[in-house]
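**Q**
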Amino acid sequence: MHSITSTVPTSTDRYSAAPAATPPSADAAAAADTTRYAVFCALWAIATLFHMAQSRLYTTQLHYLLLTLAALAVLSKPSSIVRLLVLIGLQLYEVFSRLPDISNHWLFTTFVNLTILQALVWTAFKERRLSVDRAALLRAFAPAVRLELLILYFFVVLHKLNWAFLSPSASCAAMLYKAQHAEALLPDSPALILANIYLTLAIETLIPVLLIFRKTRNIGLVIGLFFHCIIAFNSYNGFYDFSSMIFATYFLFTSYSFITTLHQFRNNLLSFWHAVKQRFSQFTFSHIALWVILAVVLLGSIKLFGKVFTDYFRLVWGAYSFMYILLLLFSLYKARQYFPTRLFSPSHALFLLFPLLVFLNGISPYLGLKTESSFAMFSNLRTEGGITNHLFIPVSAQVFDFQKDMIEVVASSDAELQRVADEGKLITFFQFKNRVADARPARVEYLRNGQRRTFALATASPNDELLHKSPSLLRKFMRFRMINKVDPQPCQH
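Number 493 marks the last residue of the sequence shown (UniProt numbering); no jumps.
#1: By DSSP, does Phe455 sit in helix, in strand, or in coil?
#2: How is the beta strand (DSSP E) around Tyr446 delimited, first residue to last?
#3: Under 8 Å: do the region 70 to 81 and the region 341 to 359 share three or more Cβ pairs, one atom per stretch?
#4: When you compare the CB positions of Phe375 and Phe155, do they come within less than 8 Å of one another, or not?
#5: Would you list, in sequence order, the uninterrupted beta strand (DSSP E) runs of no fewer than 3 residues that lie entirely inside the region 199 to 272?
#6: For Lys476 and Gln492, what's the separation of their Cα atoms in angstroms?
#7: What is the C-beta distance between Ser364 and Lys370, in whole angstroms, given that I count them as a contact (C-beta under 8 Å)?
#8: Among Leu225, Gly368, Ile293 and Asp464, which has the Cα closest to the Cα of Phe322?
#9: Write down every uninterrupted run of the alpha helix (DSSP H) in the region 88 to 162 whose length is 4 residues or greater and which is fully enclosed by it, in chain order.
#10: Taking all protein chains shown into account, decide if Tyr333 is buried (16 or more other Cβ within 10 angstroms of its Cβ) or exposed.
#11: Using the Cα positions of residue 500 and Leu117, report the straight-line distance between them to the nearest angstrom.
#12: In chain order, what residues of the same chain lie with their CB nearer than 7 Å to the CB of Asn234, ignoring the 5 residues before and after it?
#13: Got a sec, what are the start and stop residues for the alpha helix (DSSP H) Ala170 sits in?
#14: Rounded to whole angstroms, how far is the Cβ of Val39 from the Cβ of Ile259, which I believe are closer than 8 Å?
#15: If I measure Cβ to Cβ from Phe96 and keep anything under 7 Å in the same chain, skipping five residues before and after, which residues do I get?
#16: Which term fits Val436, buried or exposed, when burial requires 16 or more other beta carbons within 10 angstroms of its beta carbon?
#17: Helix or strand or just coil, what does DSSP make of Glu408?
#18: Buried or exposed for Ser169, please, with buried defined as at least 16 other CB atoms from any protein chain shown within 10 angstroms of its CB.
#19: Can the beta-carbon of Cys229 be found closer than 8 Å to that of Ser243?
#20: Can you give the beta carbon distance from Gln398 to Leu367, rounded, assuming they're within the 8 Å contact cut?
#21: With distance defined between alpha-carbon atoms, name the residue in Arg440, Ala173 and Thr249 nearest to Leu43.
#22: I need the boundaries of the beta strand (DSSP E) containing Leu426, first residue and last residue.
#23: Less than 8 Å separating the beta-carbons of Ile151 and Phe359?
#24: Indicate whether Leu426 and Ile387 have their beta-carbon atoms separated by less than 8 Å.
#25: Sorted by chain position, which residues of the same chain lie with C-beta nearer than 8 Å to Arg452's C-beta, five sequence neighbours on each side aside?
#26: What residue range is occupied by the uninterrupted alpha helix (DSSP H) comprising Lys334?
#27: Enumerate in chain order the residues of its own chain whose CB-to-CB distance from Ser373 is below 8 Å, with the five nearest sequence positions on each side excluded.
#28: Are the CB atoms of Leu391 and Leu161 within a distance shorter than 8 Å?
#29: I need the boundaries of the alpha helix (DSSP H) containing Cys41, first residue and last residue.
#30: Identify, in the order they occur along the chain, each residue of the same chain with its Cβ nearer than 7 Å to the Cβ of Ala124, setting aside the five sequence neighbours on each side.
#31: Quick one, which of Ser257, Leu221 and Arg443 has its alpha-carbon nearest Pro146's?
#32: State the beta-bridge partners of Ile483 as determined by DSSP.
#33: So if DSSP puts His390 in a beta bridge, which residue, or which two residues, is it bridged to?
#34: Would you identify the three-state DSSP class for Asp438, choosing helix, strand or coil?
#35: Grouping DSSP H, G and I as helix and E and B as strand, with all else coil, what is His63?
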């Protein structure tokens, strides 16, 4: 049976185990990249399972169940390209069936999946066969995915450079700091909250910068792993869906020695398991008593954790993330680091397509396009209504008018629009129009550009613009946040 580390050279190989070692030969690097492909696929499947766990969607619909089973199938044989294709196909189906209502990390996952598919087509065309070389496939998509991750970090930081995020009274960093229950370890003082705001910006800026350079790459990995491990335990949300995706893409930045460490860990784990089975497989009363005690302890622990933890999957995340970090640290300690070549250089200009789309998605708010799923999560950013709170990107940069046409709902027979009115929010005319055309409420009173207007379904003209939805392609990819009428904007996803 093929394992995810079966092609890894052992620690006696010349590139992996000693400071005096030489870089891997072409054949050794190809063998290691074949294994790196399988490990990445396993981590990618694990990220899918954490996504399903966070949203609790396992069996609500058939394709969610199939997506979960596909992830488990990839884990059982991560070297299988067919199983990965099934997983990617189900992920893409789930995304495109739910658009535009998807989270930032799931949209980024989509870009990575499309990049992998592009690489698969490219590699098959290049090799003139459907059974592509896995090392070649990894080398085809990995540089583009690395660029996509750097672009993601760029916008995560850029969006936070606004006055509301820097304000301790409104900042998402302050809200998440309190939700992290950090005050149990550190004083809950205004000065510390302010420091946390700038520390967040510093860490999220530092991580991608460190990842770029070979000499600092491992430092960036360690900082990033600890950072995303910690925020995944935040009580505000189960961020392990986002963090597990980051962990998977981080693997593409690791050195060849990490594969050797995984190989050694797997062998040691199997040896330990075989020793335990051999030691306790004999039928004796002492062995039976031991297994009974272990079963009682396990069941008692499950009952205790069920009462203490409302989200038990945080325990699974803790075990997974801690093991990942420990193994990486061990590989840094034990072996000299040799990284893949051409880390950020795509094999063809076509592989810049999806990094460019990731960039376009991130810059959308400043162009006047969508504000949801634009990597502006927990940033306090506002660009709507001819007003921006960004430190240096002006409203005049917007080339589209979607964000300039804002609606204040006064009253409505539609429950969703009435909720907007009750909360005192503003929404774009784009969102308002599509909601009215979809729900067809009997009556809506609203303000548009300062003018009070009333829509009555009974007397509305068939040509009334509120009865006609925007083109389906726009509705599929454009979604806007509701905003407060006054600044600063509250923290919202």
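Just so you know, even glycine gets a beta-carbon here, dropped at the ideal spot from N, CA and C.
**A** The short version:
#1: strand
#2: Arg443 to Arg448
#3: Too few Cβ pairs lie closer than 8 Å, so no.
#4: yes
#5: Within the region 199 to 272, no run of beta strand (DSSP E) at least 3 residues long lies entirely inside it.
#6: 22 Å
#7: 5 Å
#8: Leu225
#9: 104 to 127 and 134 to 160
#10: When all chains shown are included, Tyr333 counts as exposed.
#11: The question about residue 500 has no answer, for the chain in this structure spans 1 to 493.
#12: Leu176, Ala179 and Gln180
#13: Element bounds for Ala170: n/a, residue is neither H nor E.
#14: Right, their Cβ atoms sit about 7 Å apart.
#15: none
#16: buried
#17: In the three-state reduction of the DSSP assignment, Glu408 falls in the strand class, which pools E and B.
#18: In the assembly as shown, Ser169 is an exposed residue. Its beta-carbon has fewer than 16 other beta-carbons within 10 Å.
#19: By the CB criterion at 8 Å, Cys229 and Ser243 fall inside the cutoff.
#20: 6 Å
#21: Of Arg440, Ala173 and Thr249, the residue nearest in Cα terms is Thr249.
#22: Lys425 to Thr428
#23: yes
#24: no
#25: Val410, Glu445 and Tyr446
#26: In the DSSP assignment, Lys334 falls within the unbroken alpha helix (DSSP H) covering Phe313 to Lys334.
#27: Pro100, Ile102, Ser103, Asn104, Leu107, Asn361 and Arg479
#28: yes
#29: Ala26 to Ser55
#30: Leu130 and Val132
#31: Checking the sequence shown, residue 146 turns out to be Arg, not Pro. Out of Ser257, Leu221 and Arg443, Leu221 has the C-alpha closest to the C-alpha of Arg146.
#32: Answer is Leu426, bridged to Ile483.
#33: Asn162
#34: When secondary structure is reduced to three states using DSSP, Asp438 falls in the helix class.
#35: helix
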